[in-house]
Amino acid sequence: MTPRIDVVLVRPKEDGNVGAVARLARNFGAERLVVVAPRARLGAEARRRSMAGLSLLLAARRTATLARAVAESDLVVGTTDMSTGRSSAYLRRSISPERLGELLVPVSGRVAIVLGPEDNGLSRDELALCDLLVHIPARREFPTLNLSHAAAIVLYAVHRARGPTDPETTPAPLELELNGREKELFLERTEALLARIGYPRHKRRGLILLFRRVLGRATPTEAEYRMMLGLFRSLERARHREEHGRQQRQR
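Position one of the sequence shown corresponds to residue 7 (the working numbering), numbered consecutively onward.
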């Protein structure tokens, strides 16, 4: 199940922001763009910034109020830069973008994601029309994000939560398959090399532990371990060639 997403911009004031949001809406599969009482011209700059989202921008609905914009919506999600965990502050109790994505995975119907104007955000009356709120955590001294940046974070979280269930999404990075056997073999070969080159015995254990910790943080795949093990094979071949050459010279 995939919800139909409307992106609703309330009183946007920057032409370019509207165009950028139209592009993002296209990137992440939103169905419609709705603009409430725009202060922006929605002219050349908006068209230039919209890129492949131009069709959404040109087809954007315009309404005078948020209530009209979300009249057909089954769920209205507002965004706010002010968040509180107090149980009594229902007007601004919010969830994270990631949690929103999780909530929408099993949902069908029309979902409106509402973003307020760049300068003041959504009003109290507009927040009261929202079924739930999303807050994007940021630094306390400057928590307000650019309109298009906020839209990108929320739309990405919703889109990403669908994962492999959405046939229209581009592939996510492949999962990394770890291989403990290859890791231990790499460490054994490393320890043998240290012994061969005369690395001090009392320092070997600490260095091997260091390698183990580094590899633990890096989480190499089986294929990557095999490539690194190839280094030891190359060193062995080089050593054999050197010994063979030495023997030939001694004859």
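Every residue gets a Cβ at the ideal spot worked out from N, C-alpha and C, and that includes glycine.
This structure is a prediction, so every number in the text was calculated from the model and none was measured.
Query raised in the report: For the beta strand (DSSP E) that contains A50, what are its first and last residues?
Result: Unbroken run through A50 is the alpha helix (DSSP H), A50 to S56; no beta strand (DSSP E).
For this session: Give the DSSP-derived three-state secondary structure of G169 in the structure shown.
Result: helix
What first and last residue would you give for the alpha helix (DSSP H) that runs through L235? For L235, the uninterrupted alpha helix (DSSP H) run begins and ends at E228 to Q256, by DSSP.
Beta-carbon separation (whole angstroms), R218 vs L193, contact threshold 8 Å
6 Å
- Message: Looking at the secondary structure, which residues open and close the alpha helix (DSSP H) in which D12 lies?
- Response: Looking at the DSSP string, D12 is not in any alpha helix (DSSP H); the run it does join, the beta strand (DSSP E), is R10 to V16.
* Buried or exposed (CB count within 10 angstroms, at least 16 for buried), F34 -> Under this definition F34 is a buried residue.
Residue burial classification, R252 (beta-carbon count within 10 angstroms, cutoff 16) | exposed
* Same chain only: Cβ atoms within 7 Å of L135, ignoring 5 sequence neighbours per side -> L72, A73, V76 and V82
Check: Helix or strand or just coil, what does DSSP make of T69?
Finding: strand
CB-CB under 7 Å to G25, same chain, minus the five flanking residues each way: which ones, in chain order?
E51, A52, R53, R54, R55, S56 and L63
Looking at C-beta atoms only, is the number of pairs between the segment 13-29 and the segment 37-45 that lie closer than 8 Å three or more?
yes
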